[in-house]
Structure formats: C-alpha cells, structure tokens
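The structure appears below as structure tokens.
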Amino acid sequence: MNKLISKRCINYRFGHLIRHSSSLAEQEKAEFANRRNKILQDPDQYYKTLTELRNSNVEMLRIPQFREKFANYQWPENHRIDELYSVEGKIHSIRKSGKGMVFVDVVQDFTKVQLVLMNKLIGITKDEMGQHHDFFKQGDYIIANGYPGITNVGELSIKCTEVLKLASPSLYPIPTKFTHSDKRNHNRVVDFLANKNAQDSIIIRSKVINTLRSFLTDRGFLEVNTPIIATSSKGANATPFITHSKHMRDSNENPIDLQLRVAPELWLKKMIIGGFDKVFEIGPVFRNEGIDSTHNCEFTTCEFYQSFTTLEELMELTELFFQNVSSTLKQFPQALQISESLFDEPFQKLEFIPTIEQQTGVELPLELTPTSLATYFQTIKLEPPTIKSTPHYLDKLSSSFIEPLCNKPTFIYHQPSIMSPLAKSTTLTYGDRTYSISRRFELFIKGKEYVNAYEEENSPFEQELKFKQQQRFKNDFNDEESMVPDDAYIKAMEWGMPPTGGWGIGIDRLCMLFSGNERIEEVLTFGTLTDVVKQ
Numbered sequence: 010m011n012k013l014i015s016k017r018c019i020n021y022r023f024g025h026l027i028r029h030s031s032s033l034a035e036q037e038k039a040e041f042a043n044r045r046n047k048i049l050q051d052p053d054q055y056y057k058t059l060t061e062l063r064n065s066n067v068e069m070l071r072i073p074q075f076r077e078k079f080a081n082y083q084w085p086e087n088h089r090i091d092e093l094y095s096v097e098g099k100i101h102s103i104r105k106s107g108k109g110m111v112f113v114d115v116v117q118d119f120t121k122v123q124l125v126l127m128n129k130l131i132g133i134t135k136d137e138m139g140q141h142h143d144f145f146k147q148g149d150y151i152i153a154n155g156y157p158g159i160t161n162v163g164e165l166s167i168k169c170t171e172v173l174k175l176a177s178p179s180l181y182p183i184p185t186k187f188t189h190s191d192k193r194n195h196n197r198v199v200d201f202l203a204n205k206n207a208q209d210s211i212i213i214r215s216k217v218i219n220t221l222r223s224f225l226t227d228r229g230f231l232e233v234n235t236p237i238i239a240t241s242s243k244g245a246n247a248t249p250f251i252t253h254s255k256h257m258r259d260s261n262e263n264p265i266d267l268q269l270r271v272a273p274e275l276w277l278k279k280m281i282i283g284g285f286d287k288v289f290e291i292g293p294v295f296r297n298e299g300i301d302s303t304h305n306c307e308f309t310t311c312e313f314y315q316s317f318t319t320l321e322e323l324m325e326l327t328e329l330f331f332q333n334v335s336s337t338l339k340q341f342p343q344a345l346q347i348s349e350s351l352f353d354e355p356f357q358k359l360e361f362i363p364t365i366e367q368q369t370g371v372e373l374p375l376e377l378t379p380t381s382l383a384t385y386f387q388t389i390k391l392e393p394p395t396i397k398s399t400p401h402y403l404d405k406l407s408s409s410f411i412e413p414l415c416n417k418p419t420f421i422y423h424q425p426s427i428m429s430p431l432a433k434s435t436t437l438t439y440g441d442r443t444y445s446i447s448r449r450f451e452l453f454i455k456g457k458e459y460v461n462a463y464e465e466e467n468s469p470f471e472q473e474l475k476f477k478q479q480q481r482f483k484n485d486f487n488d489e490e491s492m493v494p495d496d497a498y499i500k501a502m503e504w505g506m507p508p509t510g511g512w513g514i515g516i517d518r519l520c521m522l523f524s525g526n527e528r529i530e531e532v533l534t535f536g537t538l539t540d541v542v543k544q
C-alpha cells in the first residue's frame, strides 16, 4: 500500500512539474508576443544605430578583451575600479535578486561576462529598476557601461552605472529543447541559438581548416584559387552539375554549356606545369550525385601538389598532418579528444593485391578484365557490382575485403593502375605474376576514406592512353563515373611536367572525425543541399 501511495506521489510531482514547465513556456510566449506588439508600434526606437547607442567618452572592449585585461587584476578592497568601460553582446541569462539587483550574463565572441545592476549604483529607485529591466529578454543584444570588478565570490563582472541600452531585441523566445533532426536541419539559425553543440561543430571546422592551411603554408606551399565554373569539369570520376551562360555564346549564337567543377586537380597540375612547385587550394567542389550521412552534392576539399615528391614522402606528410591537427585541437575543449596513440603510432599499410588475395584465399587473375573478374567473383561467391567495368569490380573487392580492416589509420596502396587514370603507373611482381599498379594510396580511418594521394602521371602520351581507356569504359559499360578526356590538359603537359606528388582530403569528413559527428550536415553551416533548399 505504501509503495502504491509513493508511486502516486511521484506521478503527481512529475505531472505537476511538467504542467508547471509548460505553463512557464506559455507565459514566456505570451510575454514575447506582447513585447513584439509594443515594438511594432515604434520599431525605430528599438533599432537605433550603434553610433547613437554608444557613449564616445567610455572605452569599449569586446568581451574577450575585457576578460583578458582584468583576468589577473589586483582588486582594491571595494572589489572594483572607478574607471568606466563599455561591453556589448547578447543576453544569455537574466537573474533577479530582489527588486534592486539584477545579474545578466552577456555573450560575445563565444565568451561570457556577468553584468551586475544595482539600483543604488545606477541612481534609480527599485520600481524604476524593475520598470526598465523587466523589458529585457534572453537573446536581446545590449550595451552596458560600468566599473570592472568582482563579486563576493570572485567572479569578474561589470558593475553597471546606468541602465542597459537595447541594441536589438529578440522577437521570439529561444527554444529550451530543439532536438528534432528535421527541425534542426531546416532552421539552422535557431539550431545555433538553441544548441551549443551545433555552434561548436562549426568552430571546430574553422580550427581544422586553419590548421591545415598553416601546415601547408609553413612548409612553403602557395595557396591559389582555380576556376570553379568552366566549359568542362574534369579531374575526378564524378557526374558534374551542368548549366549555361546567358552572355557567352558559341559560333552559332547558342548559349555555351558550363559545368561546376568536380575537382580542382587538373587546374592545380597546370599550375605545377606553369612553374609553381608547391601549390594548394581549399575550396568547394560539386558532384551531381546522391546525398547521405557522409556525402553532400557540395563539399569542401583541400588538394596540394608538390614537384619531385614520392608516394612514401606523401605518406610521411599525411602522418605529420594528422598528428599536427590532433595536437592543435587538444587545446579546444569543443573538439573530440581522440586518443593520442591513434595518430602517434605509424599508420598501418595494406598493399592492394596481396591483401585481397590473403583475405579471399584466391589469387587474382593475371589479366584484370571484366570477364576474368566476373569469374573471380563467382569463385569467391561475391555479388558483382552494378556497373561491370574493371574499376568497379576492383572497387567492390576493396570495399568488401580491405576497407573493413581499416579501423585504425591505414594506407591502402598500390591499387591496380586501371583504377587510377591520373596516377603514375609502374609494374610489380607478386610471386610469378606481374601487374601494372599505380603509385597511389588511400587513407582510411574507422572504415572511412579521408585522403587520396599519388605520384602524378607526367607523360602526356601515357595520359592520353589512360583517358582513351576511360572513354571505352564509359561507352562499353555506360559508366558515368569514368573520367572524360581533357585534351587541353594533355596539351599543357607537353610543355613538361616534373615528377609530382598530389594529395587530396575531404574537409567535411575530416571535421566529422574531430568533432565526433556521425552526419555530414552537422559540420556544414546550413546542412546538406536537402536542408539548404528548405531554408
């Protein structure tokens, strides 16, 4: 009986709390609605210029500057200095202590400081204090003037000498719970306001990109910008977005078709040919393909190219980069603290052909053709790929037998040359069988690809043959991912291209790794294209 009574009491208390919370939310909505109506009567009064609001006789500090200036200050006995300062920012919270005192937390540049408002110091009555400051709400942007000081518990604050000035009001209450994925993805403004984790992911993204840029510029690389839109988009096995120009026409006065780039690779290699020995680019690429948890039609990459660089040197640079970014992000509490040993140990290396044969127990055919690989798939009882070209067969083998072995950082290297039309080729003998392989690697971490790198094909004659082979795959197997030949690039190569190492990384996926996010939209400011079109 006592247990039953106790259970009823608990249910009553929780039900009461839920109803109380709901009634407070409704009350807050009503207060915001009433305030909005008041603002609508004379909106100019609430959106004054910054020049009108600021006091030119008071030194203004941004909140991080204010905290830095007084972080280790030796305060006098009255816990303040009689020198006026001004701070500006957004109200994070408001707490009242009786009628004559209000505490306001204000945020700017992701840094918070406390304002202490006392009617006696401001020189107004308690009733006037309430009449003025009851109008302010969480989310309002304000300006405060006062004396720097500390509270009785030692918290750095500004002890205001005048009432707060409203710089811009929030017309809606910030949701306390905004967790439904569709609502978040379709209104990222509110998501950023309501969820600190959403902001943190974008901050981490900025830190990752800055670390990557510094890593390369510190090593003498030149950052460049190459065309995003052109008459063709080449440099990757991908389907481009196609548009046309209203102002550029061909000889028959028809609009010229244009494409958004799928990769900056060929442009950057033209820079190498033009005499720039170490170049890189961080920027967007576009692929007219599917959207899922790790892919978006628009995404950000970094590619660098360096003359006279081997595959082994590219591997070494890759390990150094991941150690560098991991070390840099340790000072930012928002970042996922990845185990130090993950990047401090030498990366695992799995050679393509030997690993496939070890995992399947069956030797690959000497001639890697669609026919021989179809037979191989039957032998190992593996479902063939939808597109039955040689590269797709080999991709399927990699995803089935090698990539699952790549939980820790792993280089998959020496892929068959037919998979890599822009990479330098050579021959390697395994036992009594010799294969044409590429001087290429892919870096996988936790089963996901992060880096694709290789020694570049620098013979215009070999490159032309490889392009023609790609065209045959496109014609024979309707393989839309096969690379389209680029005659202008081959012509540029004829001026002489040095032995070159090239390296590319997906920035978005890298940011997912270091922020601990499982979905790509979390590290994109306004989500995937599916989300963007709804905002």
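Residue numbering for the sequence shown follows my numbering, starting at 10 and increasing by one per position.
Just so it is clear, CB atoms sit at the ideal spot from N, CA and C, and this is done for glycine as well.
From what residue to what residue does the beta strand (DSSP E) around residue i run?
i: residue 401; result: Residue 401 -> not in any beta strand (DSSP E); alpha helix (DSSP H) instead, spanning 399–406.
i: residue 203; result: Residue 203 -> not in any beta strand (DSSP E); alpha helix (DSSP H) instead, spanning 197–203.
i: residue 307; result: 307–316
i: residue 280; result: Per DSSP, residue 280 belongs to no beta strand (DSSP E); it is in the alpha helix (DSSP H), 274–282.
i: residue 442; result: 442–447
i: residue 54; result: Looking at the DSSP string, residue 54 is not in any beta strand (DSSP E), and its letter there is neither H nor E.
i: residue 290; result: 287–295
i: residue 438; result: 434–439
What is the C-beta distance between residue i and residue j, in whole angstroms, given that I count them as a contact (C-beta under 8 Å)?
i: residue 425; j: residue 409; result: At roughly 16 Å, the Cβ-Cβ gap does not stay under 8 Å, so residue 425 and residue 409 are not in contact.
i: residue 543; j: residue 189; result: About 14 Å separates the two Cβ atoms, so there is no contact after all.
i: residue 159; j: residue 176; result: Not quite, the Cβ-Cβ distance comes to about 26 Å (not below 8 Å), so this is no contact.
i: residue 102; j: residue 146; result: 11 Å between Cβ atoms; not a contact.
i: residue 330; j: residue 213; result: That belief does not hold up - the Cβ atoms of residue 330 and residue 213 are roughly 16 Å apart, past 8 Å.
i: residue 509; j: residue 465; result: 4 Å
i: residue 377; j: residue 399; result: 6 Å
i: residue 499; j: residue 471; result: Not confirmed; about 10 Å, so no contact.
Compute the Euclidean distance between the alpha carbons of residue i and residue j, then round it to the nearest angstrom.
i: residue 36; j: residue 181; result: 12 Å
i: residue 252; j: residue 536; result: 23 Å
i: residue 306; j: residue 428; result: 23 Å
i: residue 239; j: residue 116; result: 44 Å
i: residue 441; j: residue 216; result: 50 Å
i: residue 23; j: residue 32; result: Note on residue 23: pLDDT 45, under 50, position unreliable in the model; the coordinate value appears next. Each residue's Cα considered, the two are about 14 Å apart.
i: residue 211; j: residue 477; result: 42 Å
i: residue 265; j: residue 257; result: 6 Å
i: residue 389; j: residue 361; result: 17 Å
i: residue 413; j: residue 488; result: 26 Å
i: residue 173; j: residue 142; result: 8 Å
i: residue 295; j: residue 539; result: 14 Å
i: residue 70; j: residue 118; result: 12 Å
i: residue 122; j: residue 191; result: 33 Å
i: residue 38; j: residue 45; result: 10 Å
i: residue 138; j: residue 455; result: 58 Å
i: residue 355; j: residue 62; result: 58 Å
i: residue 541; j: residue 58; result: 32 Å
i: residue 357; j: residue 332; result: 15 Å
i: residue 532; j: residue 198; result: 14 Å
i: residue 207; j: residue 516; result: 17 Å
i: residue 385; j: residue 373; result: 7 Å
i: residue 166; j: residue 67; result: 17 Å
i: residue 221; j: residue 76; result: 29 Å
i: residue 87; j: residue 34; result: 40 Å
i: residue 105; j: residue 135; result: 12 Å
i: residue 316; j: residue 271; result: 23 Å
i: residue 244; j: residue 288; result: 16 Å
Taking the alpha carbon of residue i as the point to measure from, which residue in the options has its own alpha carbon closest?
i: residue 274; options: 246, 78, 119; result: 246
i: residue 91; options: 466, 278, 486, 155; result: 155
i: residue 6; options: 523, 97, 112; result: Nothing in the structure corresponds to residue 6, since the chain is present only between 10 and 544.
i: residue 236; options: 121, 514, 291; result: 291
i: residue 433; options: 416, 462, 452, 458; result: 462
i: residue 421; options: 382, 457, 387, 62; result: 457
i: residue 417; options: 382, 430, 459; result: 459
i: residue 411; options: 511, 451, 268, 109; result: 451
i: residue 183; options: 171, 272, 200; result: 200
i: residue 297; options: 320, 269, 286; result: 269
i: residue 485; options: 396, 443, 423; result: 396
Considering only heavy atoms of the ligand SAM, does any lie closer than 7 Å to the CB of residue i?
i: residue 302; result: Although the ligand SAM was asked about, the structure shown includes no ligands whatsoever.
Note the first and the last residue of the continuous alpha helix (DSSP H) segment covering residue i.
i: residue 463; result: Here residue 463 belongs to no alpha helix (DSSP H); instead the beta strand (DSSP E) covers 457–464.
i: residue 166; result: That residue, residue 166, is in no alpha helix (DSSP H); its beta strand (DSSP E) goes 165–169.
i: residue 121; result: Careful: residue 121 lies outside any alpha helix (DSSP H), inside the beta strand (DSSP E) at 120–127.
i: residue 492; result: Careful: residue 492 lies outside any alpha helix (DSSP H) and carries neither H nor E.
Three-pair Cβ contact test at 8 Å for the region 395–405 versus the region 316–327: With a cut-off of 8 Å, the region 316–327 and the region 395–405 do not count as touching, because too few Cβ pairs lie within range.
Inter-stretch contact at 8 Å, needing at least 3 Cβ pairs: the region 335–342 / the region 307–320: The region 335–342, when compared against the region 307–320, does not touch it at the 8 Å Cβ threshold.
Touching by the beta-carbon criterion (3+ pairs, under 8 Å), the region 292–306 and the region 491–502: The answer is no - the region 491–502 does not touch the region 292–306, with fewer than three Cβ pairs under 8 Å.
Meets three-Cβ-pair contact criterion under 8 Å: the region 218–227 and the region 495–511: Contact between the region 218–227 and the region 495–511 is absent, because fewer than three Cβ pairs lie under 8 Å.
Sufficient close CB pairs (3 or more, under 8 Å) joining the region 504–524 to the region 277–284: With the cut-off at 8 Å, the region 504–524 and the region 277–284 touch.
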